[in-house]
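Structure record follows, encoded as structure tokens.
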Amino acid sequence: MVCDCAPMLRLVTTSLCRHCQRVRHLPPLRAFSNPGGTAENQVTVEALYDLSVDIQKIRQLKGWVLRQSPAYVSETASLLRDMGAEGPMIARVLELYPEAVLCSPEQQQAQRELWRSICPRERELVGIIEKFPASFFTSSHHANQRANIDFFQSLHLNKRIVTKLMASAPQSFSCPVGQNEEMVCTLQQAYLELGGDAANMKIWLQKLLSQNPFVLLKPPEVLRDNLLFLRDRGFTTSELLRLLSKLRGFVVELNPDSMRHTLAYSQETLGCSEAELRDMVLNCPALLYYPEVILAERFEGLLRAGVTMAQITQTPTVLELTTQIVSYRIQRLRSYGYDVRTGSLQALNGTKKDFEMSSGKLQLRRERPLFNPVAPLKGDD
1200 MVCDCAPMLR LVTTSLCRHC QRVRHLPPLR AFSNPGGTAE NQVTVEALYD
1250 LSVDIQKIRQ LKGWVLRQSP AYVSETASLL RDMGAEGPMI ARVLELYPEA
1300 VLCSPEQQQA QRELWRSICP RERELVGIIE KFPASFFTSS HHANQRANID
1350 FFQSLHLNKR IVTKLMASAP QSFSCPVGQN EEMVCTLQQA YLELGGDAAN
1400 MKIWLQKLLS QNPFVLLKPP EVLRDNLLFL RDRGFTTSEL LRLLSKLRGF
1450 VVELNPDSMR HTLAYSQETL GCSEAELRDM VLNCPALLYY PEVILAERFE
1500 GLLRAGVTMA QITQTPTVLE LTTQIVSYRI QRLRSYGYDV RTGSLQALNG
1550 TKKDFEMSSG KLQLRRERPL FNPVAPLKGD D
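For the sequence shown, this note's numbering assigns the number 1200 to the initial residue and increments by one for each residue that follows.
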């Protein structure tokens, strides 16, 4: 018996068509629920989806944001767009810091005005927001931020320095202004007591803060304790100022115990005197803050390459380079006919650009020897 399948096919086709219609009308992303049962704010999800934001990325890293209400996605996007940001950049900002959509339009506008007081060019401000969105959209300490901006402007610091501080170390602007006043006063006092020139103090402070903005988050006692320890190790006042200027803000990342162990290890390994060790530290402050395990690896790498301890003592800055960089540079110099075992380790030093320039000169010298004007010319016999 032959079965007529036409009615069945029509039924299946109709069912599929209805199913497809339902799928087409589903929202782009369905609402998710966390284990506790709180559903996502579908308005927020759809608004982010319309801005081409990676919803899955937010779910994985900061899913709680999607469950908050109210949220101001379109208002946040409008603010950024009004400042000159384009679609892809807006999406990146919201993926990196989705909490931005929880700031009310009033808070966002207040932050915009606050930042414009130190960064009036909105194109530049948009670039800062792209790199440090949390710094811009954190509005819970607005009064402290305003007070700290006023304080740093009273020091007549460059606006770019203040902007960099607030962008890269926002915690230092969220704290009460008294903390920053105390730390800056301690830094200025140390600079002057060590013989620094008052006329250059502003420039010195700007360099220090730009090198390590997090110096402001440390208690002033850390700076005092470290300077006292170094003075007890025999460093003179002028040498301490030199060290403070070289270390810049990183002097507060140290502590007497770690410096004591590191210096003892370096002195024992190099077999040098206290005076020689101080000279090395002045030339290479890294000897104060590199832990023993890193120094041991670097000493071992240099010795394996045939370098002597005497050479390291003469050029301690080579210890600032990783073992991999040293190995690469030694091989590169060797290919140009330079042997670090018999030459100076100074050829290894410098940034990548510095090394490329110096090694390039060696290559040219090898390919084109210098003309000796007093050497006899070879003539035809």
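We treat Cβ as the ideally placed atom computed from N, Cα and C, and that holds for glycine.
Bounding residues of the alpha helix (DSSP H) (the contiguous stretch that carries residue i)
| i | result |
| --- | --- |
| Gly1377 | Val1376 to Glu1392 |
| Asn1482 | Glu1473 to Asn1482 |
| Val1272 | Val1272 to Asp1281 |
| Lys1261 | Ile1254 to Lys1261 |
| Leu1404 | Met1400 to Gln1410 |
| Gln1523 | Thr1522 to Ser1534 |
| Ala1290 | Gly1286 to Leu1295 |
| Leu1469 | Pro1455 to Leu1469 |
| Glu1452 | Run containing Glu1452: none; DSSP gives neither H nor E here. |
| Thr1512 | Met1508 to Gln1513 |
| Gly1500 | Glu1491 to Arg1503 |
| Asn1425 | Pro1419 to Asp1431 |
| Leu1440 | Thr1436 to Leu1446 |
| Phe1413 | Element bounds for Phe1413: n/a, residue is neither H nor E. |
| Ala1485 | Ala1485 to Tyr1488 |
| Gln1370 | Gln1370 to Ser1373 |
Anticipated Cβ contact below 8 Å, residue i with residue j, distance rounded
| i | j | result |
| --- | --- | --- |
| Ser1373 | Asn1343 | 6 Å |
| Glu1519 | Ala1485 | 5 Å |
| Val1451 | Val1421 | 5 Å |
| Phe1336 | Asn1379 | That pair is no contact at about 22 Å. |
| Ser1152 | Leu1416 | Because the chain in this structure spans residues 1200 to 1580, residue 1152 falls outside the shown range and cannot be described. |
| Ser1316 | Ile1360 | So it is not a contact: roughly 14 Å between Cβ atoms. |
| Val1517 | Leu1501 | 7 Å |
| Leu1561 | Val1525 | With 8 Å as the limit, Leu1561 and Val1525 do not qualify as a contact, their Cβ atoms being about 17 Å apart. |
| Ser1268 | Asn1240 | 5 Å |
| Glu1473 | Gly1433 | 6 Å |
| Leu1301 | Val1264 | 7 Å |
Under 8 Å between C-beta atoms of residue i and residue j
| i | j | result |
| --- | --- | --- |
| Ala1509 | Ile1529 | no |
| Pro1297 | Ile1257 | yes |
| Gln1405 | Asn1357 | yes |
| Gly1549 | Ser1557 | yes |
| Leu1487 | Leu1453 | yes |
| Thr1522 | Glu1491 | no |
| Met1479 | Pro1515 | yes |
| Thr1237 | Ala1270 | no |
| Leu1462 | Leu1393 | no |
| Thr1385 | Pro1419 | yes |
| Ala1290 | Val1252 | yes |
| Leu1469 | Thr1512 | yes |
| Gln1307 | Leu1278 | yes |
| Arg1345 | Leu1313 | yes |
| Leu1494 | Tyr1464 | yes |
| Ile1171 | Thr1275 | Since the first residue shown for the chain is 1200 and the last is 1580, residue 1171 is missing from the structure and cannot be characterised. |
| Arg1388 | Met1400 | The question names Arg, yet the displayed sequence has Gln at residue 1388. Not in contact: Gln1388 and Met1400 (Cβ atoms no closer than 8 Å). |
| Ser1338 | Gln1310 | yes |
| Leu1391 | Gly1448 | no |
| Met1282 | Leu1324 | yes |
| Met1382 | Ser1334 | no |
CB contact below 8 Å: residue i versus chain D
| i | result |
| --- | --- |
| Arg1311 | You won't find chain D in this structure, because it holds only one protein chain. |
Requested in this report: Please specify which runs of the beta strand (DSSP E), each continuous and at least 3 residues long, are wholly inside the stretch 1331 to 1360, giving them in chain order.
Outcome: none
Query raised in the report: Mind pulling the alpha helix (DSSP H) runs of 4 or more residues that sit fully within the stretch 1298 to 1330?
Result: 1304 to 1315 and 1321 to 1330
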